[in-house]
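Single-structure report; data block below.
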Amino acid sequence: MKKEKILDLVIIGAGPAGLTAGIYSSRAKLDFIILENELVGGQIRETPSIENFPGFDSISGADLADKMQEHAEKAGAVIDEFGNITSVKLTDTEKIIETSDTIYKPKSVIIATGSKSRPLPVPEEKKLRGKGIHYCELCDGAMYDGKDIVVVGGGNSAIDAAIFLTKYAKNLTVVHRSEKLRAEMRSQDELFKHNNVKLLLNTQIKHVEGENSIENIVLENSKTGEKSSLKADAIFVYIGTMPKTELFKDFIDLTELGHIKTNENLETNIKGVFAAGDVREKEIRQLTTAVNDGSIASLMAEKYIRNS
Numbered sequence: 215m216k217k218e219k220i221l222d223l224v225i226i227g228a229g230p231a232g233l234t235a236g237i238y239s240s241r242a243k244l245d246f247i248i249l250e251n252e253l254v255g256g257q258i259r260e261t262p263s264i265e266n267f268p269g270f271d272s273i274s275g276a277d278l279a280d281k282m283q284e285h286a287e288k289a290g291a292v293i294d295e296f297g298n299i300t301s302v303k304l305t306d307t308e309k310i311i312e313t314s315d316t317i318y319k320p321k322s323v324i325i326a327t328g329s330k331s332r333p334l335p336v337p338e339e340k341k342l343r344g345k346g347i348h349y350c351e352l353c354d355g356a357m358y359d360g361k362d363i364v365v366v367g368g369g370n371s372a373i374d375a376a377i378f379l380t381k382y383a384k385n386l387t388v389v390h391r392s393e394k395l396r397a398e399m400r401s402q403d404e405l406f407k408h409n410n411v412k413l414l415l416n417t418q419i420k421h422v423e424g425e426n427s428i429e430n431i432v433l434e435n436s437k438t439g440e441k442s443s444l445k446a447d448a449i450f451v452y453i454g455t456m457p458k459t460e461l462f463k464d465f466i467d468l469t470e471l472g473h474i475k476t477n478e479n480l481e482t483n484i485k486g487v488f489a490a491g492d493v494r495e496k497e498i499r500q501l502t503t504a505v506n507d508g509s510i511a512s513l514m515a516e517k518y519i520r521n522s
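Written as structure tokens, this is what we have:
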């Protein structure tokens, strides 16, 4: 029989938003737990170098995640890493979060589940995921030392990944569907210092050929419709993210893209339920905005708990 715990607060997700919420909730002396079904730190663990977070000229995502986790735990946060949530019930009057071994009944909930990589939209993606199609340069880049590598995307994540992968690639090609890259110019300048880097704009991958590894890529020019082929050993994909909101869709109002709708106080349509970080609807998604969300969500949750 599962044990039952009544708490002030459950924070779902231990990325930057969730960990920051944990730090503030500890200082407020709330009785709470952070549930994380994957590694603590979220997507920033996959970032080779972070250069726009105040206080650090440059720091790896893994190191920053470790520092955030250490800070939260020293403040008093309890983190259940790999605490898989099996079901939730969220109403104005009742909140139930069920894991494999515990049923939590908090007064308030902060959803900070973040997002996951958007998959490469080709029919062969599932077959070749992990066999040439990848989403983490830190995890898988070394597998392709001296090989031909393709990076898909034009934002900061794509270009930062491409910079990292230049240390392995014999030839590196950046494929982007639009007319220009969206990444910061400083990153673009750094990438194109390398003479083995090629850029293909207005281009999309339509098919990836191969059975147990990539043999060939079929490209299409988005303006002319002209098709071409490209030899490559690996594709690293950075074409955006999807919010992790599947658990909450029956209770929480979502946008068409699946993000959680909130007001400026990060309140959802359910009383006592807040959302923070990349999972919620907003214009800018950065590490600094996630941390900001975490602090606001915790402060507003505390106010709700004290007045309930």
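Going by this note's numbering, the first residue of the sequence shown is number 215, and it counts up by one from there. No residue lacks a Cβ here, since even glycine has one placed at the ideal position from N, Cα and C.
Buried is the label assigned to Thr234, since at least 16 other Cβ atoms lie within 10 Å of its Cβ. Within the DSSP secondary-structure output, Tyr318 pairs in a beta bridge with Lys219 and Ile311. Taken through DSSP and simplified to helix, strand or coil, Ala489 comes out as strand. Per DSSP, reduced to three states, the secondary structure at Arg391 is coil, with no helix or strand assignment. Nearest neighbour of Ala289 by Cα position, chosen from Asn385, Phe488, Ala242 and Gly439, turns out to be Ala242. C-alpha of Gly369 to C-alpha of Tyr358: approximately 22 Å in a straight line.
CA-to-CA, the gap between Ala279 and Lys496 works out to about 23 Å. Contact between Ile248 and Ala228 holds, with the beta-carbon distance rounding to 5 Å and staying under 8 Å. For Phe450, the uninterrupted beta strand (DSSP E) run begins and ends at Ala448 to Val451, by DSSP. DSSP, read as helix, strand or coil, puts Glu295 in strand.
Taking the C-beta atoms as reference points, Ile324 is found no nearer than 8 Å to Tyr318.
Taking Pro457 as reference, the option from Lys219, Lys281, Ala326 and Ser322 with the minimal CA-CA separation is Ala326. The alpha-carbon separation between Ala446 and Gly360 amounts to approximately 11 Å. Across the structure, Ile347 and Asn416 are spaced so that their CA atoms are roughly 21 Å apart.
Beta-bridge annotation (DSSP): Arg343 is paired with Ile347. Distances from the CA of His421 to each of Glu434, Lys281 and Thr305 were compared; the closest alpha carbon is that of Glu434.
Counting along the chain, Pro262 sits inside no beta strand (DSSP E), nor does DSSP assign it H or E at all. The beta carbons of Ile510 and Leu480 sit about 5 Å from each other, so the pair counts as a contact at 8 Å.
Taking a cut-off of 8 Å for Cβ pairs, the region 463-471 and the region 378-386 do not touch, as fewer than three such pairs fall below it. Going by beta carbons, Ser443 and Gln418 fall outside the 8 Å limit. One alpha carbon belongs to Thr307, the other to Lys463, and they sit about 18 Å apart.
Taking C-alpha positions only, Ile428 is separated from Lys441 by approximately 18 Å.
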